[in-house]
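Reading through the structure tokens given below for one structure.
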Ligand SMILES: Cc1ncc(COP(=O)(O)O)c(C=O)c1O
């Protein structure tokens with residue numbers, strides 16, 4: 031058998047990889063399992079989307095290869111939606127690339143811009159496709175810790191000059207998974223400006239742009255002056271429309287950036303099932319009638335989570351966006367130890383910060399993916415584990 035490549039061996043263990051197996055073991059032990067781990071809600075996509083998928087699946091041509099072009103209607107619906115939502119316009123053929131979920135595109139982008147000796151700048155903790163894409167392209171990830179002290183933002187000017195010189199991509203994700211931080215407009219303006227000066231592509235992961243509360247409206251990077259020159263933005267159908275398993279998203283940007291990703295993809299995949307692209311077009315065209323109600327469900331869960339976790343010894347503020355709470359732990363309780371005890375003793379799955387990157391140590395992530403009663407129950411159990419571990423550490 032040939033040896034594994036260095037690039038394969040460079041990949042870390044996948045953060046969520048072991049959880050399904052561990053959950054099965056807990057259920058087999060008779061525990062009442064509450065899974066607040068993955069960002070994968072128990073909610074349904076819009077009715078109109080389900081109906082469109084059913085109808086589209088009966089049209090024979092929908093079962094053919096989508097190829098890189100995919101369904102023109104989907105591209106056009108994306109362009110309409112971006113215009114309505116952010117007031118920015120794109121050419122559907124040269125400035126949009128449909129994706130098999132945004133993860134796929136985020137990960138493949140590095141193949142177009144990164145090679146050995148190049149650096150990518152990555153938030154730590156951060157979504158796994160940033161490091162995965164970089165390492166598979168044989169690039170060198172430079173991790174920047176997202177901490178409360180820096181408002182969970184990456185300051186390019188705090189990065190050594192020799193690193194910046196070799197940097198090709200900066201991955202930014204606001205609203206942020208896992209910290210639920212948002213980025214002020216001035217920060218985005220400054221970062222776009224610096225990326226331009228430094229000749230770095232700004233990879234803006236906007237998977238949570240529609241999951242925001244209390245009047246906060248997350249921007250597109252393209253609302254920032256100059257972003258067209260340096261940024262590519264990734265969008266996902268997954269969280270906004272409860273379509274995680276459907277595998278559908280897109281990237282938008284100038285033809286130089288989008289075309290490069292499209293070219294890589296043309297040698298790797300043949301597009302998402304066309305009936306799903308048709309259903310996604312329906313979702314986007316009917317966004318305004320579905321999203322507010324769906325966000326209200328997440329808001330109720332968020333409020334329940336904030337109240338219940340605060341009451342159980344995890345003081346926190348309501349996040350303005352995403353489906354996550356990023357909860358601090360006492361300094362003497364490592365996040366992996368806490369999450370393991372919570373899972374083994376109480377059957378509650380959360381993500382320890384350290385699993386999402388060294389910079390995530392001292393925190394754990396809770397997802398609002400189940401109903402408020404179950405979230406409250408999970409918080410009570412987390413409180414019991416916190417008391418037990420605090421007593422042991424004292
Ligand atoms: C920050 C972030 N980006 C991208 C994705 C990928 O979304 P998808 O591939 O389902 O479109 C996720 C999913 O959890 C995410 O949290």
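In my numbering, the protein residues as written are 31 to 424. Ideal placement from N, C-alpha and C gives every residue a C-beta, glycine not left out. Note that the coordinates shown come from a computational prediction; the quantities given were computed from them, not determined experimentally.
- Going by beta carbons, residue 127 and residue 135 fall inside the 8 Å limit.
- In this structure, ligand 1 has a non-hydrogen atom nearer than 7 Å to the beta-carbon of residue 237.
- In this structure, the beta-carbon distance from residue 243 to residue 206 does not fall below 8 Å.
- Listed in chain order, the non-local C-beta contacts of residue 270 below 6 Å within the same chain comprise 240, local neighbours out to five positions each way being set aside.
- Residue 352 and residue 396 have their C-alpha atoms roughly 11 Å apart.
- For residue 172, the secondary structure class from DSSP, reduced to helix, strand or coil, is strand.
- When the five nearest sequence neighbours on each side are left out, the beta carbons in the same chain lying within less than 6 Å of the beta carbon of residue 100 are those of 128, 301, 307, in order along the chain.
- In this structure, the C-beta of residue 150 stays at least 7 Å away from each heavy atom of ligand 1.
- Taking 7 Å as the cut-off, the C-beta of residue 69 counts as close to a heavy atom of ligand 1.
- In the DSSP secondary-structure assignment, residue 232 is bridged to 200, 261.
- Within the stretch 270 to 301, the complete beta strand (DSSP E) runs of at least 3 residues fall at 279 to 283.
- Beta-carbon to beta-carbon, residue 386 and residue 208 are separated by about 6 Å, close enough to satisfy the 8 Å threshold.
- Pairing residue 112 with residue 267, the inter-Cα distance amounts to about 13 Å.
- Beyond the five residues adjoining it in sequence on each side, residue 192 comes within less than 6 Å, by CB distance, of no other residue in the same chain.
- Of the residues 399, 402, 370, 403, the one whose Cα lies closest to the Cα of residue 48 is 370.
- Under a 10 Å Cβ-count criterion, residue 89 is classified as exposed, with fewer than 16 other Cβ atoms of the shown protein chains found around its own Cβ.
- Residue 70: not part of any alpha helix (DSSP H); DSSP gives it neither H nor E.
- Between residue 161 and residue 174, the C-beta spacing is not below 8 Å.
- The straight-line gap separating the alpha-carbon atoms of residue 62 and residue 412 is approximately 14 Å.
- Sorting 154, 316, 221, 231 by C-alpha distance to the C-alpha of residue 114 places 316 at the top.
- By the neighbour-count definition (other C-beta atoms within 10 Å, threshold 16), residue 318 is an exposed residue.
- Taking all protein chains shown into account, residue 94 has fewer than 16 neighbouring C-beta atoms within 10 Å of its C-beta and is therefore exposed.
- Within its own chain, the residues whose Cβ lies closer than 6 Å to the Cβ of residue 211, once the five positions on either side in sequence are excluded, are 182, listed in chain order.
- Rounded to whole angstroms, the Cβ separation of residue 73 and residue 305 is 21 Å, and the two are not in contact under 8 Å.
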